[in-house]
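Peer 1: After the structure tokens below, expect a handful of questions from me.
2 protein chains.
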Amino acid sequence: MSLRITIFDDNKNIRDSITMLLQTEPEFEVAGSYCHVLDCVDDVRESKPDIVLMDIEMPGMSGIEAVTKIKKEFPQVQILMQTVFEDDDRVFDSICAGASGYLLKNFLNTKLVDSIRELQYGGSPMSPSIARKVLNKMQSVSSAIKPEETPDYHLTAREKEVLSCLVNGLSYKMIAADLNISYETVRSHVKKIYEKLHVASLTEVVAKAINQRIV
Amino acid sequence: MSLRITIFDDNKNIRDSITMLLQTEPEFEVAGSYCHVLDCVDDVRESKPDIVLMDIEMPGMSGIEAVTKIKKEFPQVQILMQTVFEDDDRVFDSICAGASGYLLKNFLNTKLVDSIRELQYGGSPMSPSIARKVLNKMQSVSSAIKPEETPDYHLTAREKEVLSCLVNGLSYKMIAADLNISYETVRSHVKKIYEKLHVASLTEVVAKAINQRIV
DNA sequence: CGCTTTCTCACCTGATTCGGGGATTGTGAG
DNA sequence: CTCACAATCCCCGAATCAGGTGAGAAAGCG
């Protein structure tokens, strides 16, 4: 059983050299070869590839958009991105779009065949420098999510109730009605909240409450 | 100039075979070899490695904790994780802890030397199946973060400026001073913002701005 | 050239919030 | 049993915000 491979690259020389490279392996079959991705979904439908090689820089529509579209229609297709640039954002965007591997073009000759095999076996081939970018991004993302250190302002239960009403945009009057207490009581609580959060206006309270998830 | 490598692995056989493997390369130097990570920080301080090989399964303290500690003290040290398991969580945790590469143990013989060189050159060697897990995680995380469907309230640039001031807790007066415009102008902008966001109080504006990331 | 949008500013009236007080209960810790 | 603290309520004056109305200058557009 042969492995069908479709190529998207605007550079004919690269397409040809990839084709030649792939033909050295008997079980690889170039199912299609296209110089743009404007009809990528149709192209994939027709060529029925197991693996798509996608250049990231393409005229008309970017390779990243193409990945999104192809993955949406044919989620089982594995896509290997190729690029000359190590642009952080594009690497990241490609991954989010659903690419399964990422190869720098200057590794094409030496690594392409290996990479395709790795894709075939459920791996994700990546040039090491790309992998480094991915790991760094991963670390920054995860550390950006976690830091939920809530300094704990010792708000009482009632104060928290009032606070969450404030965050929901209620006025003192409305809060009073809502909690069945007097307007003045609400004010007392709010004053306390001001003290405890070290702020001096409702907007600051709301901002602080939301950002520090005291709500 | 030789590359100093320190090994942490509770299995003596593996430590020895790694050492032998590394000795085939003249510029590699095994700086230290330890069977546990309880004193990993001191061990690293003494052996002064450029690269640390860390087994993920270790008695006493897990390799992941060790990575955290080593990276905290010696951030420039590159750490290559090794494991027999492809446990999703541990892979992810290792990355967050600061590991720079991830190698499955059954690739040790064939890939270790290459991987160390890639680390040396700023890459992140990963077994393809590990890379796949990382990509998948990445995709799920990013899609979990992104769903920020911002309905787009058509705020003008100036309005957004005012808005961000509001979110930072500034009063109209302060905003006026900040943006070098009149108090009344600030009010005009705020009124517009109220209309566009369909709200009627500052607290609602702040809450909406933060929650929908219009800031 | 008109037309729309944006940014700017102004005035007035009423509503709401802010920052000080002070007071009364009940409850739980020491 | 005090003593602290939370929760409730009250008053006042000053500051700020809200809503409505109007209007001029500059920029962009057909």
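Keeping their order, the protein sequence lines are chains A and B. Quick note: the first sequence uses this note's numbering, first residue 1, plus one each step. Quick note: the second sequence uses this note's numbering, first residue 1001, plus one each step. C-beta: ideal position from N, C-alpha, C; glycine also.
1) From what residue to what residue does the alpha helix (DSSP H) around E46(A) run?
2) Which partner residues of I1079(B) appear in the DSSP bridge assignment?
3) For F8(A) versus G98(A), is the C-beta distance shorter than 8 Å?
4) Does the segment 13-33 of chain A come close enough to the segment 42-58 of chain A that 3 or more CB-CB pairs lie under 8 Å?
5) Give me the Cα-Cα distance between L1104(B) and A207(A), rounded to the nearest whole angstrom.
6) With DSSP as the reference, identify every bridge partner of E1029(B), one or two as the case may be.
7) Taking the C-alpha atoms as reference points, what is the distance between I1193(B) and D152(A)?
8) Measuring CA to CA, which of S1171(B), C1040(B), R1004(B) is closest to E1025(B)?
9) Based on Cα-Cα distance, which residue from Q1120(B), S1127(B), V1077(B) lies nearest to T1110(B)?
10) In the DSSP assignment, the beta strand (DSSP E) including Y102(A) goes from what residue to what residue?
11) Would you say the segment 179-186 of chain A touches the segment 151-167 of chain A, given that touching needs at least three Cβ pairs under 8 Å?
12) Mind checking S1182(B): buried by the 16 CB within 10 Å criterion, or exposed?
13) 8 Å is my cut-off, CB to CB: does Q1139(B) come that close to chain A?
14) Express the C-alpha separation of A1177(B) and S198(A) in angstroms, rounding to a whole number.
15) Pick from S1171(B), C1096(B), Q1023(B): whose alpha carbon is nearest that of K1137(B)?
16) Which class does M138(A) belong to by DSSP, given the choice of helix, strand or coil?
17) Who are the near neighbours of E27(A) in its chain, counting only those whose CB is closer than 7 Å to its CB and skipping five residues on each side?
18) If we define contact as Cβ-Cβ less than 8 Å, is G32(A) a contact residue for chain B?
19) Considering only DSSP beta bridges, list what Y218(A) is partnered with.
20) Check distances from the C-beta atoms of the segment 1145-1175 of chain B to those of chain A and list, in chain order, the residues that come in under 9 Å.
21) With a cut-off of 8 Å, do at least 3 Cβ pairs link the segment 1112-1121 of chain B to the segment 107-121 of chain A?
Peer 2: From the atom records:
1) Counted from its first residue, the first sequence places residue 46(A) at position 46. Segment 40-47, the alpha helix (DSSP H) holding E46(A).
2) For the purposes of this step, residue 1079(B) is identified with residue 79 of the second sequence, where counting begins at 1. I1079(B) pairs with V1052(B).
3) To locate residue 8(A), count along the first sequence from 1; it is residue 8. To locate residue 98(A), count along the first sequence from 1; it is residue 98. Not closer than 8 Å, so no.
4) yes
5) Residue 1104(B) sits at position 104 when you count from the first residue of the second sequence. Residue 207(A) sits at position 207 when you count from the first residue of the first sequence. Computed Cα separation, rounded: 46 Å.
6) Residue numbering aside, residue 1029(B) sits at position 29 when the second sequence is read from its first letter. R1004(B), per the DSSP bridge assignment.
7) The count along the second sequence starts at 1 and reaches residue 1193(B) at position 193. The count along the first sequence starts at 1 and reaches residue 152(A) at position 152. Straight-line Cα distance between these residues: approximately 33 Å.
8) Locating residue 1025(B) in the second sequence gives position 25, where the first residue counts as 1. Of the listed residues, the one whose Cα sits closest to E1025(B) is R1004(B).
9) Numbered from its first residue, the second sequence carries residue 1110(B) at position 110. With distances taken between Cα atoms, T1110(B) lies closest to S1127(B).
10) Your numbering for residue 102(A) matches position 102 in the first sequence. 101-104 is the span of the beta strand (DSSP E), which, as asked, contains Y102(A).
11) yes
12) Position 182 of the second sequence, counted from the first residue, corresponds to residue 1182(B). Burial call: exposed.
13) Along the second sequence, read from residue 1 onward, the residue named residue 1139(B) stands at position 139. So yes, Q1139(B) belongs to the interface.
14) Indexing the first sequence from 1 puts residue 198(A) at position 198. Indexing the second sequence from 1 puts residue 1177(B) at position 177. Per the sequence shown, residue 198(A) should be read as His rather than Ser. Cα-Cα distance, rounded: 23 Å.
15) By 1-based counting over the second sequence, the position of residue 1137(B) is 137. That would be C1096(B), whose Cα lies nearest to the Cα of K1137(B).
16) As a first step, residue 138(A) must be located in the first sequence, where it is residue number 138. M138(A): helix per DSSP, three-state reduction.
17) Translated into positions along the first sequence, residue 27(A) becomes position 27. Result list for E27(A): S2, L3, in chain order.
18) Start at 1 with the first residue of the first sequence, and residue 32(A) comes out as number 32. No, no contact with chain B.
19) Lying before the first or after the last residue shown, residue 218(A) is absent from chain A, which here runs from 1 to 215.
20) I1145, K1146, L1166, V1167, N1168, G1169, L1170, S1171
21) no
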